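Structure first, commentary second.
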Amino acid sequence: MNTSNKNCVLCGQLAEQNPSTSEPLNIIYKCKNCGTYSINIDLVDLAKEYFDPHELSLISHIVGRNKEKWDVNFTINKVWIEKIIQSHKLPTPKVLLDNLILWLGNKLSGFGDKYEIKNITSIAAEVGALNEDALYQIIEEAQNQNLLKEAIKLQRDSLGTLVVSLIGSLELTYRGWDYYEAIEKGEIESKLAFMAMPFGNDELDNVFVKYWKSAVEDSGFTLERLDEKATAGSIDDRLRQTIRRSSFIICELTNANNGAYWESGFAEGIGVPVIYTCKEENHKNDSHFDVNHHLCIIWNDNNLTEKSKELSSVISETFKMKK
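All residue numbers for the sequence shown refer to the working numbering, where the first residue is 12 and numbers rise by one.
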């Protein structure tokens, strides 16, 4: 096998590149930021022509945050990237701050422990920042809120370029640890909503992107799902943390998705509201447990616009009642 060092297609950092032994049209990359992934050879040279840096940062974030579970047999291609871009946005500044504190708290062994800043690009991919400058500004904001002890100083030069001075390691303050524990317990006010649904179903992907996502955004929240090539084993801590941080979840029952059942049950168990959705013709056959006492939005191909408005109304009423 011919091994060479090239820049990662997704994040641009130096990575190990190998030809695939099973798929001659694929290349295997081993990147410290994004992990090991297989990508169609056509994208290796053309990715920057097809997608802008913002879009590639998004893909790097999604692949990188799932690198411990990523299935290298899954090939990243142009169609998959376009679908992900359609259904995702990079995290907002508030979510970036929460992601940073959650990521750092998980890295540290306890109060007083420190994390040395060695690869800022890797941290940006983990947290979901567009680039290093964005991450530095989030770190500065965390320092200003007394969540982090001072680790960096930022200033602009005469040309407006951000100049970073590293003066310490990343360390949570007492208040930072309190904030971390609050995120873990789902006590931080969030505009995040979680979508529990099967992947790889074009019809459900279309419903998610064109109807549910916009309905949730109309209600003032951001709807996200965990896009990854599923592997065997139990749902990991990242999934639990995402649900804990969500204000509510939407559970798609169509096609009897066992994972979505688990996610909705976990959410209800910790007090996160669940809204169920299901395609009309599948409702009787696919509901493995009794949801008659729950709200379930039954949709079909002809009423999705109406049902998306219903979903938006349900969300607004739910949080009006909670106030």
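In this text, a Cβ means the ideal position worked out from N, Cα and C, and glycines have one as well. Note that the structure is a prediction, hence the values are computed from the model and not measured.
Distance, Cα to Cα, Tyr40 vs Ile50?
Their backbone Cα atoms lie some 8 Å apart in a straight line.
Nearest-angstrom Cβ-Cβ length linking Cys262 and Ser275, presumed shorter than 8 Å:
At roughly 4 Å, the Cβ-Cβ gap stays under 8 Å, so Cys262 and Ser275 are in contact.
Leu183 and Leu115 look like a contact to me (Cβ under 8 Å); what is the Cβ gap, rounded to whole Å?
Yes, they are in contact, since the Cβ atoms of Leu183 and Leu115 sit about 6 Å apart, within 8 Å.
Go through its chain and collect everything with a Cβ distance to Ile95's Cβ below 8 Å, but skip five positions before and after it.
Annotation for Ile95: Leu69, Ile70, Ile73, Asp238 place their beta carbon closer than 8 Å to its own, counting only its chain and skipping 5 residues before and after.
According to DSSP, is Pro104 helix, strand or coil?
The three-state secondary structure of Pro104, taken from DSSP, is helix.
Our contact map puts Ala204 next to Ser258 with C-beta atoms below 8 Å; I'd like the distance itself, whole angstroms only.
Going by Cβ atoms, the distance from Ala204 to Ser258 rounds to 6 Å, so yes, they are a contact pair.
So, for Asn212: in the same chain, excluding its five sequence neighbours on each side, which residues have a beta-carbon less than 7 Å away from its beta-carbon?
Shown here for Asn212: same chain residues with a beta carbon closer than 7 Å to its own, the five before and five after excluded, namely Asn266 in chain order.
Pick from Val55, Ser176, Ile131, Tyr222: whose alpha carbon is nearest that of Asp312?
Nearest C-alpha to Asp312: Tyr222.
Contained beta strand (DSSP E) runs [length at least 3] in the stretch 44 to 96, N- to C-terminal order
Correct list: 46 to 51.
For Val283, the residue or residues it bridges with in DSSP
Answer is none; Val283 lacks a bridge partner.
Figure out for me which residue from Ile254, Met206, Leu215, Thr253 has the closest Cα to the Cα of Leu234.
Here the closest residue by C-alpha is Met206.
How long is the line joining the alpha carbons of Ala136 and Leu113, rounded to whole angstroms?
So the alpha carbons of these two residues sit roughly 14 Å apart.
Use the C-beta contact count for Gly121: other C-beta atoms within 10 angstroms, 16 or more gives buried, fewer gives exposed.
Exposed, since its Cβ has fewer than 16 Cβ neighbours within 10 Å.
Beta carbon of Asn44, beta carbon of Thr86: below 9 Å?
Result no, Cβ atoms of Asn44 and Thr86 do not sit closer than 9 Å.
Could you pull the start and end residues of the beta strand (DSSP E) that Glu292 belongs to?
DSSP places Glu292 outside any beta strand (DSSP E), giving it a letter other than H or E.
For Gly280 and Ser176, the rounded distance between their alpha carbons:
Rounded to the nearest angstrom, the two C-alpha atoms are 45 Å apart.
Taking the alpha helix (DSSP H) that Thr132 falls in, what are its first and last residues?
From DSSP, the alpha helix (DSSP H) with Thr132 extends over 131 to 138.
Mind checking whether Leu54 and Asn88 have CB atoms under 9 Å apart?
With respect to Asn88, Leu54 sits close: the two C-beta atoms are nearer than 9 Å.
What residue from Asp144, Ile326, Leu181 has the CA that sits closest to Ile226's CA?
For the record, residue 226 in the displayed sequence is Ala; it is not Ile. That would be Ile326, whose Cα lies nearest to the Cα of Ala226.
On a Cα-Cα basis, can you pick out the residue from Val20, Leu181, Leu67 that is closest to Asp56?
Nearest option by C-alpha distance: Val20.
To the nearest angstrom, how far is the alpha carbon of Phe62 from that of Glu93?
Approximately 9 Å, taken between the alpha carbons.
Is Phe277 helix, strand or coil by DSSP?
In the structure shown, Phe277 sits in a helix (DSSP, three-state: H, G or I).
Excluding the 5 residues flanking Ile52 on each side, which residues of the same chain have their C-beta closer than 8 Å to its C-beta?
Leu36, Asn37, Ile38, listed in sequence order.
Helix, strand or coil for Ser169, going by three-state DSSP, please let me know.
Coil at Ser169, not helix or strand.
Expressed to the nearest angstrom, what Euclidean distance is found between the alpha-carbon atoms of Glu317 and Val285?
If I take the Cα positions, the gap works out to 20 Å.
Below 9 Å between beta carbons: does that hold for Phe232 and Lys202?
Yes, the Cβ-Cβ distance between Phe232 and Lys202 is below 9 Å.
Of the residues Gly46, Trp310, Ile163, Asp144, which one's Cα is nearest the Cα of Gly171?
Gly171 has its Cα closest to that of Asp144, out of Gly46, Trp310, Ile163, Asp144.
Under a three-way DSSP split, which group does Thr184 fall into?
It is coil, neither helix nor strand.
Apart from the five residues just before and just after Lys118, which ones in its own chain have a Cβ nearer than 6 Å to its Cβ?
Excluding sequence neighbours, Lys118 sits near Tyr126.
Length of the line joining the Cα atoms of Asn314 and Lys105
Between Asn314 and Lys105, the C-alpha separation is close to 35 Å.
Can you tell me which residues form a DSSP beta bridge with Met206?
In the DSSP secondary-structure assignment, Met206 is bridged to Ile261.
Could you tell me which residues DSSP pairs with Lys30 in its beta bridges?
First, the residue type needs correcting, since residue 30 is Pro and not Lys in the sequence shown. Looking at the DSSP output, Pro30 shares a beta bridge with Ile38.
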